[in-house]
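Numbering (numbering that gives the first Met the number 0), first residue to last: 0 to 237. Where is the CB? At the ideal position from N, CA and C, for every residue including glycine.
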Amino acid sequence: MAEPIYRRVVVKVSGEALMGPDGFGINQPTLERIAADLVATQNLGVSLGIVVGGGNIFRGVQVSEKGIPRLTGDLMGMLATVMNALALETAIEAAGGSARTMSAVTMPEICETYERRRALRHLGKNRMVLLAGGTGNPFFTTDTTAVLRAAEVGAGAVLKATDVDGIYSADPKKDQKAVRYERLTHQEAIERNLKVMDATAFALARENRMPIIVFSIRESRAVETVLRGRGRATVVNS
Ligand code: GTP
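1) Specify the secondary structure class of I212 as computed by DSSP and reduced to three states.
2) Work out the CA separation of L226 and A177 for me, nearest whole Å.
3) Cβ of S215 within 8 Å of Cβ of D162?
4) Of the choices L85, I91, A98 and G96, whose alpha-carbon is the least far from that of M106?
5) Which residues end up in the neighbourhood of the ligand GTP when you take C-beta atoms closer than 7 Å to any of its heavy atoms?
6) Straight-line CA distance for T144 to E181?
7) Which two residues bound the contiguous beta strand (DSSP E) that contains T233?
8) Run through DSSP, which three-state label would V178 get?
9) Could you say which of A200, R7 and V213 lies nearest to Q186 if we only look at CA atoms?
10) Using the rule of at least 16 other Cβ atoms within 10 Å of the residue's Cβ for burial, across every protein chain shown, is K159 buried or exposed?
11) What alpha helix (DSSP H) runs, 4 residues minimum, are completely inside the segment 17–96?
12) Per DSSP, I101 is paired with what?
13) Can you tell which of Y5, R7, S13 and I4 has the C-alpha that lies nearest to the C-alpha of M196?
14) Which class does V163 belong to by DSSP, given the choice of helix, strand or coil?
15) Three or more beta-carbon pairs under 8 Å between the segment 67–87 and the segment 125–142, yes or no?
16) Run through the DSSP bridge pairs and tell me what V8 is partnered with.
17) Have a look at T112 and E218 and give me their C-alpha separation to the nearest angstrom.
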């Protein structure tokens with residue numbers, strides 16, 4: 000069996016990934032499949048930070064078109080990420096793993112507050128850390144959160160789970176001529192305006208020389224497979 004290519008990573012799981020075949024909310028079998036993958040990865044000796052999105056419950060950008068200001072929408076989206084993190088934490092523990100939710104927005108009755116040193120302590124004790132509440136600020140995405148936290152906790156890479164097997168030149172669901180990239184630089188990803196992550200996230204990754212690995216979470220054991228250096232993925236690096 001191949002050794003994991005990184006000993007510490009931050010995995011970004013979108014809210015939509017938890018929706019599975021449903022149009023909204025959390026699909027329990029999908030949640031359990033993702034949790035089992037994360038626990039198998041943890042059992043390889045990989046220390047895991049997990050950033051969860053909130054788009055399955057609430058999309059800030061969409062409601063801003065309907066009259067709720069973007070700022071308020073983003074705050075509501077941050078709360079949605081906490082709900083997802085708590086659900087994933089529960090599923091990880093049910094699958095035999097160990098996990099703690101830490102929110103960037105203080106809500107002590109609900110979960111711990113994100114503090115870098117405390118997150119490092121959890122990671123050192125082989126607990127996954129679920130990084131909820133985004134960066135704690137509106138106008139920043141959970142992709143940016145994933146890169147920021149990865150840099151903070153000394154992760155070797157960000158693993159960005161999507162519903163396609165890498166980065167394409169155009170949306171492969173809409174454009175049959177879309178070409179899949181094996182490797183890209185951060186600069187190329189920014190210049191080509193590739194939509195897989197926002198420019199703030201790519202720029203922060205470029206500045207910190209943080210590799211981003213984009214892969215599909217639809218496959219079972221997808222995270223474990225990527226960390227064993229197998230499976231289809233696009234690697235963005237300097
Ligand atoms: P160490 O092994 O020393 O890191 O301790 P610990 O994290 O097990 O102990 P601690 O007393 O910090 O936490 C015990 C439990 O309380 C854990 O389930 C924590 O997640 C939880 N906990 C700690 N701080 C908070 C908080 O601010 N809010 C909430 N809701 N739970 C918390």
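Reading it off the structure:
1) Note: I212 maps to strand in three-state DSSP.
2) Going from the Cα of A177 to the Cα of L226 covers about 26 Å.
3) Pairing S215 with D162 gives a Cβ-Cβ distance under 8 Å.
4) Comparing Cα positions, the closest option is L85.
5) This selection yields R99, P107, E108, I109, C110, E111, T112, R120, H121 and K124.
6) Spanning the alpha carbons of T144 and E181 requires a straight line of approximately 24 Å.
7) Counting along the chain, the unbroken beta strand (DSSP E) around T233 starts and ends at A232 to N236.
8) Correct three-state label for V178: coil.
9) Among A200, R7 and V213, the Cα nearest to that of Q186 belongs to A200.
10) With 16 or more Cβ atoms within 10 Å of its Cβ, K159 is classed as buried.
11) Look at the segment 17–96 and you find these whole runs of alpha helix (DSSP H), each 4 residues long or longer: 27–41, 59–63 and 69–93.
12) Contrary to the premise, residue 101 reads as Met rather than Ile in this sequence. According to DSSP, which records beta bridges pairwise, M101 is partnered with E111 and L130.
13) Answer by Cα proximity: S13.
14) It is coil, neither helix nor strand.
15) A contact exists between the segment 67–87 and the segment 125–142.
16) Answer by DSSP bridge pairing, in chain order: L47 and A156.
17) Per the coordinates, the alpha-carbon of T112 lies some 32 Å from the alpha-carbon of E218.
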